[in-house]
Amino acid sequence: MKEVKCTIIQDLLPLYVDDVVSEDTKELVEQHLQTCQACQKEYEQMTETLYVPIENKVTLFEKLNKKWNRKKMILIGGSVLMTTLLCFTVFSYVFHYQKLIPYSKDLFVIEEKEDGTLVSNYFGESHAGTYMTHPMKVEIDGETKYISLISYVETMANSPTSNFFREDKRIGPEQSTLPDSKTVDAVYYGDFDLEKVIITKEQSWKELLQEMTLIWER
Ligand SMILES: [Zn+2]
Numbered sequence: 001m002k003e004v005k006c007t008i009i010q011d012l013l014p015l016y017v018d019d020v021v022s023e024d025t026k027e028l029v030e031q032h033l034q035t036c037q038a039c040q041k042e043y044e045q046m047t048e049t050l051y052v053p054i055e056n057k058v059t060l061f062e063k064l065n066k067k068w069n070r071k072k073m074i075l076i077g078g079s080v081l082m083t084t085l086l087c088f089t090v091f092s093y094v095f096h097y098q099k100l101i102p103y104s105k106d107l108f109v110i111e112e113k114e115d116g117t118l119v120s121n122y123f124g125e126s127h128a129g130t131y132m133t134h135p136m137k138v139e140i141d142g143e144t145k146y147i148s149l150i151s152y153v154e155t156m157a158n159s160p161t162s163n164f165f166r167e168d169k170r171i172g173p174e175q176s177t178l179p180d181s182k183t184v185d186a187v188y189y190g191d192f193d194l195e196k197v198i199i200t201k202e203q204s205w206k207e208l209l210q211e212m213t214l215i216w217e218r
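Numbering-wise (full-length UniProt numbering), the sequence shown opens with residue 1 and increments by one.
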């Protein structure tokens with residue numbers, strides 16, 4: 001049989017991974033994979049992206065984005081991507097109605113516990129919510145770092161509810177544990193819209209982090 005070109009095999013791989021090819025194609029791809037290291041590597045990369053742990057959702061998204069068009073990607077990623085998209089929607093919604101509490105050294109202190117877990121201490125009076133991301137793998141100027149983004153928000157309107165909370169006196173700071181923070185290299189504070197960085201690519205990670213404040217580094 002005539003040797004099949006790698007480019008053809010690599011075009012077929014997404015379908016092969018999805019198991020939507022005919023038996024003949026399957027055989028063809030499998031035969032080729034046994035003899036070709038380049039395609040084998042490509043295949044392994046494709047399958048490994050489907051099993052990344054939850055905290056690497058963003059990385060998964062980026063990998064898939066490069067390899068397949070979005071329509072295909074949503075079909076493959078299934079629930080993981082739906083969750084991610086849902087998160088983005090929630091973030092956009094939240095920042096529409098709430099505003100960021102500006103950073104100040106006296107208000108926010110990141111503390112490292114003995115086991116490496118990070119805890120965020122908030123010394124302010126009241127706030128409507130805290131948003132924290134899982135560690136995200138980010139490459140800037142050739143350097144790979146795991147970063148977490150956090151923001152504390154208050155509501156735009158001074159509603160009776162927020163006044164009620166304002167009178168609720170707390171002793172000591174309010175503490176929140178950053179998710180999976182043992183692996184975090186740096187924590188940034190500020191507004192962030194991950195949709196712009198990951199999906200529409202309107203903003204690079206570098207640009208986003210320049211707008212945010214670096215508040216902790218391992
Ligand atoms: Zn090949």
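All residues carry an ideal CB built from backbone N, CA and C; glycine is no exception.
Please determine, among the options, the residue with the shortest C-alpha to C-alpha distance to residue i.
{"i": "Val4", "options": "Ile199, Val138 and Gln31", "result": "Gln31"}
{"i": "Glu121", "options": "Leu100, Cys6 and Gly172", "result": "For the record, residue 121 in the displayed sequence is Asn; it is not Glu. Looking at the Cα atoms, Gly172 is the closest of the given residues."}
{"i": "Tyr131", "options": "Leu15, Glu125, Ser104 and Gly190", "result": "Gly190"}
{"i": "Tyr43", "options": "Ser22, Glu27, Asp24 and Pro14", "result": "Pro14"}
{"i": "Glu112", "options": "Ile8, Val184 and Leu28", "result": "Val184"}
{"i": "Gln40", "options": "Asp115, Leu12, Glu202 and Ser104", "result": "Leu12"}
Do residue i and residue j have their C-beta atoms closer together than 7 Å?
{"i": "Ile140", "j": "Trp216", "result": "no"}
{"i": "Val17", "j": "Met46", "result": "yes"}
{"i": "residue 240", "j": "Phe108", "result": "An answer regarding residue 240 cannot be provided, because it is not within the stretch 1 to 218 covered by the chain."}
{"i": "Ile110", "j": "Val187", "result": "yes"}
Using the Cβ count rule (16 or more neighbours within 10 Å means buried), how would you classify residue i?
{"i": "Gln10", "result": "buried"}
{"i": "Ile147", "result": "buried"}
{"i": "Cys6", "result": "exposed"}
{"i": "Ser79", "result": "The predicted model places Ser79 with a pLDDT of 49, which falls under 50 and marks its position as unreliable, so this point remains unresolved."}
{"i": "Glu211", "result": "exposed"}
Just to confirm my understanding: we take residue i, look at its own chain, exclude 5 residues before and 5 after, and list those with CB closer than 7 Å. What are they?
{"i": "Glu55", "result": "Residue confidence is low: Glu55 scores 44 on pLDDT, short of 50, so the model does not pin down where it sits. Its coordinate-derived value is still stated next. Cβ neighbours of Glu55 beyond the five flanking positions: His134, Pro135 and Asp180."}
{"i": "Thr117", "result": "Thr177, Ser181 and Lys182"}
{"i": "Leu214", "result": "Ala186 and Tyr188"}
{"i": "Leu208", "result": "Phe192 and Val197"}
{"i": "Leu28", "result": "Val4"}
{"i": "Arg70", "result": "Any answer about Arg70 is weak, because its pLDDT of 43 lies below 50 and its placement is not dependable; what the coordinates show is given next. Contacts found: none."}
Does ligand 1 have a heavy atom nearer than 6 Å to the CB of residue i?
{"i": "Ile9", "result": "yes"}
{"i": "Ala38", "result": "yes"}
Can you give me the Cβ contacts of residue i inside the same chain, cut-off strictly under 8 Å, excluding the 5 residues immediately before and after it?
{"i": "Asp106", "result": "Phe123"}
{"i": "Thr144", "result": "Lys137 and Val138"}
{"i": "Ala38", "result": "Cys6"}
Excluding sequence positions up to five away, which residues of its chain have a Cβ less than 6 Å from the Cβ of residue i?
{"i": "Glu174", "result": "Tyr122"}
{"i": "Lys72", "result": "Unreliable positioning characterises Lys72 in this predicted model, as indicated by a pLDDT of 42, which lies under 50. The coordinate reading is nonetheless provided below. Taken in chain order, the list of residues that qualify is empty."}
Residue i CB to nearest chain B CB: under 7 Å?
{"i": "Pro14", "result": "Included in the structure is just one protein chain, with no chain B present."}
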